[in-house]
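First comes the structure, then the notes that go with it.
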Amino acid sequence: MVTQMLDNQAFITRTHSAITGERNSDNHHCQPLFMQSALWNFVIETVGDYPKQHISEKTIKAILTKRPFIINGAQNTLSLLKDLGFKTFNHLIDESFDTIENHQDRMDRILQIVEDLCKQDLDQFLSHYLAWYELPLVA
26 MVTQMLDNQA FITRTHSAIT GERNSDNHHC QPLFMQSALW NFVIETVGDY PKQHISEKTI
86 KAILTKRPFI INGAQNTLSL LKDLGFKTFN HLIDESFDTI ENHQDRMDRI LQIVEDLCKQ
146 DLDQFLSHYL AWYELPLVA
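Mapping of the sequence shown onto the working numbering: position 37 corresponds to residue 62, and the numbering continues sequentially without gaps.
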């Protein structure tokens with residue numbers, strides 16, 4: 026179980042290595058071809074209405090593809106990723122949903138953010154994303 030591995034420094038080191046491209050620089054092997062043209066990912070984590078964060082392969086795949094993502098998971102899942110040293114896309118996506126305690130309220134906020142993303146100007150979104158893309162994903 027990945028949540029049990031989060032305290033394992035080897036797991037974190039291997040994940041960081043994969044993200045920084047030390048083993049594979051394109052990381053497109055993480056998603057099927059039809060998803061490689063997506064601008065952002067919507068991750069539905071294993072647990073959402075749960076008192077503890079759970080990071081699975083679903084989130085790791087989203088990180089490895091270097092695409093903005095929204096996680097429908099437990100409260101403070103993004104905070105956990107940041108605590109582990111990962112960078113998120115808070116300059117592109119409103120991440121306020123992450124701190125909402127009530128799962129239904131968090132999901133309602135996520136849906137509003139998805140609607141807002143779909144209404145954004147594509148050129149503006151791409152320019153912000155491409156400027157970010159060159160930065161390392163880990164702090």
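From the three backbone atoms N, C-alpha and C, an ideal C-beta is built for every residue, glycine too.
So, using beta-carbon positions, are residue i and residue j closer together than 8 Å?
i       : j       : result
Asn-101 : Ile-69  : no
Ile-135 : Leu-106 : no
Ile-118 : Leu-142 : yes
For residue i, count the other beta carbons within 10 Å of its own beta carbon; 16 or more makes it buried, fewer makes it exposed. Which is it?
i       : result
Thr-90  : buried
Asp-178 : As shown, the chain starts at 26 and ends at 164. That puts residue 178 outside it, with no answer to give.
Thr-84  : buried
Asp-20  : Because the chain in this structure spans residues 26 to 164, residue 20 falls outside the shown range and cannot be described.
Phe-67  : exposed
Work out the CA separation of residue j and residue i for me, nearest whole Å.
i       : j       : result
Glu-126 : Asp-74  : 9 Å
Lys-144 : Ala-63  : 15 Å
Phe-111 : Arg-92  : 13 Å
Thr-113 : Val-139 : 16 Å
Ser-152 : Phe-94  : 17 Å
Gln-18  : Asp-146 : Because the chain is modelled from 26 through 164, residue 18 falls outside the range shown and cannot be assessed.
Lys-86  : Asp-133 : 24 Å
Trp-65  : Glu-120 : 14 Å
Have a look at the options and flag the residue whose alpha-carbon is nearest the alpha-carbon of residue i.
i       : options                             : result
Val-72  : Glu-82, Asn-66 and Trp-65           : Glu-82
Pro-76  : Ala-99, Phe-94, Ala-87 and Phe-67   : Ala-99
Ser-104 : Asn-66, Gln-78, Ser-152 and Gln-137 : Gln-78
Gln-149 : Asp-133, His-116 and Gln-137        : His-116
Leu-109 : Ile-88, Leu-147, Asp-133 and Trp-65 : Ile-88
Quick check for students: name the residue ranges of the alpha helix (DSSP H) that lie wholly in the region 76-129, counting only runs of 4 or more. 82-89 and 102-108
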